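One structure is given here, and the rest of the page talks about it.
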Amino acid sequence: MARRAAHRRERRLLPQPVSPRTAALVSLDAEAAALRELREALSRSPREIPCKYLYDDRGSALFEQITRLPEYYPTRTERALLAERSQAIVAAACPVYDVVELGSGAAEKTVGILDAVLADGGRPRYVAVDISAHALARTRDILAAARPEVPVEPVLADYTRELRLPPKPRGRRLVLFLGGTIGNDENAGAARLLARVREHLDPGDVLLLGANLVTDPAAIHAAYNDAQGVTAEFNRNVLRAVNSFARSAFDPSAFDHYAPYDVEKRRIEMWLVARSEMEIDLGRLGATLRLSKGEGIRTEISRRFTRDEVLRLIDAAGFTPERWIESPDGRFGLALGLSRASLRS
Ligand code: AVJ
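The numbering used here puts the first residue of the sequence shown at 672, with every later residue one more than the last.
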């Protein structure tokens, strides 16, 4: 029973209910809102599917595969930075109690941070927030094997809509938002998301934000157009995730993966392009989608930033920049910010 309910929740990419008593109402609400959001995105120009749909169970597993591809440099670049600088990061946030990670995924990168907290004499709790139950299960397994002494509190949630965290017991909270995921939003959306994070923090709590930096376009292009076609499969999988949520009838094999780097906008865009004219029954969205040959649906933007852009972004969201850590090749940066009491002070 419980297993089945969990499975259904994860398939539908729903945020977790507030309390058992209001659970039914809340999830109906959340489901209706998610259907509206999806319907609205698909009727926009350009048509879009919110990129969170990339991370159903299969999508999360495919993304984990991407992180190990030779072309996909961000994960290993960031991992090396974290491993090398975790001591300094944790020192800025000491004494840390809560390590909260948004989009924890497989959380392989996080162990080094937890180690630094432990070495500092802290007793951290790890709060893992992810939209995928599969990813959270991986997080738990990896942590249980690597650092059994660290309690893990999984939160199955769509943090793009609402952020719900367990109460903070004592000590500082360190929020990790890694991988360059902040680049999936335009500036306004990114600032809103970070400001929402800040609402859960006290002055002096810490944000560690990972961002992809502007670098040579060929390297960026290759990272999203790998030779094995894993990224193409990851992209097409979004249609399966949408089908299972909306009971729509997209045929993933009828679309091409197209991921150009826009030099002027400094971002990768992932598209699914219809190989022929088609009509798609959108199921619970209550509509039919007509696509002409060559028409595309945008499934993700992934921005590259300059250092100043990142620092301005966290500052605008109420975090005073405290440290900037950049990889030797200049492709990835980590910004550490201290939460301020008020947005403007
Ligand atoms: C997980 C959002 C950081 O933007 O690079 C990987 C997702 N998309 N390959 C990114 C992704 C295509 C990734 N993030």
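We put the CB at the ideal spot given by N, CA and C, even for glycine. All of these numbers come straight from a predicted model, not from anything done at the bench.
Looking only at C-alpha atoms, which of 1005, 931 and 794 sits nearest to residue 752? 1005
When the Cα atoms are used, what is the spatial distance from residue 721 to residue 953? 15 Å
Can you tell me whether DSSP reads residue 939 as helix, strand or coil? strand
Report yes if the C-beta distance between residue 782 and residue 799 is below 8 Å; otherwise report no. no
The ligand AVJ heavy atom lying under 7 Å from the CB of residue 941: yes
On a Cα-Cα basis, can you pick out the residue from 922, 803 and 825 that is closest to residue 727? 803
Segment contact, 8 Å Cβ cut-off, at least three pairs: the stretch 953-973 with the stretch 853-871: Contact holds: three or more Cβ-Cβ distances are below 8 Å.
Contact check, residue 878 vs residue 1008, beta carbons under 8 Å: yes
Give the list of continuous beta strand (DSSP E) stretches no shorter than 3 residues that lie fully inside the stretch 925-1007. Runs of the beta strand (DSSP E) inside the stretch 925-1007: 926-929, 938-945, 949-952, 959-962, 967-974 and 990-997.
Report yes if the CB atom of residue 618 is closer than 8 Å to the CB atom of residue 755, and no otherwise. The structure shown does not extend to residue 618, since the chain spans only 672 to 1016, so no value can be given for it.
Excluding sequence positions up to five away, which residues of its chain have a Cβ less than 6 Å from the Cβ of residue 942? 929, 967 and 969
Per DSSP, the bridge partner or partners of residue 1010: 990
Take residue 732 as the anchor and find which of 841, 704 and 808 has the nearest alpha-carbon. 808
So, using beta-carbon positions, are residue 951 and residue 915 closer together than 8 Å? Taking 8 Å as the Cβ cut-off, residue 951 and residue 915 do not qualify as a contacting pair.
Note down the Cα distance separating residue 844 from residue 746, rounded to an integer number of angstroms. Within the model, the alpha-carbon separation for residue 844 versus residue 746 is close to 24 Å.
Considering Cα atoms alone, identify which of 764, 794 and 778 is closest to residue 873. 764
Just to confirm, are residue 785 and residue 818 a CB contact at a threshold of 8 Å? yes
Look at residue 851 and residue 896 and say whether their C-beta atoms are less than 8 Å apart. No. Outside cutoff.
Do you know how far the Cα of residue 719 is from the Cα of residue 712? Residue 712 and residue 719: Cα-Cα distance of roughly 5 Å.
Chain-order list of residues whose beta-carbon lies under 8 Å from that of residue 1018 (same chain, five-residue window excluded): No answer is possible for residue 1018: it lies beyond the span of the chain, which begins at 672 and ends at 1016.
Integer-rounded CB distance, given that residue 926 should sit under 8 Å from residue 898: Going by Cβ atoms, the distance from residue 898 to residue 926 rounds to 20 Å, so no, they are not a contact pair.
Alpha-carbon spacing of residue 921 relative to residue 833, whole angstroms: 28 Å
In the DSSP assignment, find the beta strand (DSSP E) that holds residue 840 and state where it starts and stops. Unbroken run through residue 840: none, as it is neither H nor E.
Based on the DSSP output, what are the partners of residue 880 in its beta bridges? 848 and 1006
Please state if the CB of residue 976 and the CB of residue 885 are separated by a distance shorter than 8 Å. Contact flag set, yes.
Around the C-beta of residue 936, are 16 or more other C-beta atoms found within 10 angstroms, so that it is buried, or is it exposed? exposed
Can you tell me whether residue 838 is buried or exposed, with buried defined as 16 or more other CB within 10 angstroms of its CB? Answer is exposed; the Cβ neighbour count stays below 16.
Have a look at the DSSP bridge pairing and note the partners of residue 771. 798 and 846
On the DSSP letters alone, give me the boundaries of the beta strand (DSSP E) that residue 657 sits inside. For residue 657 there is no data in the structure shown, the boundaries of the chain being 672 and 1016.
At which residues does the alpha helix (DSSP H) containing residue 744 begin and terminate? That run of the alpha helix (DSSP H) goes 744-763.
Give every residue of the same chain whose Cβ lies closer than 7 Å to the Cβ of residue 758, excluding the five residues on either side of it in the sequence, and list them in chain order. Contacts found: 787.
Does the count of Cβ pairs from the stretch 975-994 and the stretch 863-871 closer than 8 Å reach three? yes
DSSP has residue 719 in a bridge; who is on the other side? 969
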